[in-house]
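In our numbering, the protein residues as written are 87 to 177.
Structure representation (structure tokens):
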């Protein structure tokens, strides 16, 4: 699975471009990454900001995975035969 590159900001850079960055998250569904220096570990830590719609999709997918529902659906899709489903039963 290919992961799209994200716009990366420092906290200062994000403050300077806050409206543009958040607008891209909402309007273009582009997550952003904020890199923060972690002085205690002498490394960087990252935070990702995503839109609420994307967050809800991730939470739903996690729920389907955690409950086993996703596995059932994928198995049914993989083993579907002609006539298993029809438009009348779909709704």
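Every residue, glycine too, gets a C-beta built ideally from N, C-alpha and C.
All of these numbers come straight from a predicted model, not from anything done at the bench.
Whose CA, out of the options, lies closest to the CA of residue i?
i           : options            : result
residue 111 : 152, 159, 136, 153 : 136
residue 140 : 169, 116, 155      : 116
residue 118 : 106, 142, 127, 156 : 106
residue 93  : 126, 128, 132, 125 : 132
residue 97  : 124, 149, 142      : 124
Specify the secondary structure class of residue i as computed by DSSP and reduced to three states.
i           : result
residue 140 : helix
residue 123 : strand
residue 132 : strand
residue 146 : helix
Kindly examine the ligand ADP and report whether one of its heavy atoms sits closer than 8 Å to the Cβ of residue i.
i           : result
residue 110 : The ligand ADP is not part of this structure, which contains no ligands at all.
Starting from residue i and walking both ways along the alpha helix (DSSP H), at which residues does that stretch end?
i           : result
residue 113 : 104 to 113
residue 164 : 155 to 164
Here's the rule: buried if 16 or more other CB atoms are within 10 angstroms of the residue's CB, otherwise exposed. What is residue i?
i           : result
residue 95  : buried
residue 104 : exposed
residue 160 : exposed
residue 144 : exposed
Identify the continuous beta strand (DSSP E) that holds residue i and give its terminal residues.
i          : result
residue 91 : Looking at the DSSP string, residue 91 is not in any beta strand (DSSP E), and its letter there is neither H nor E.
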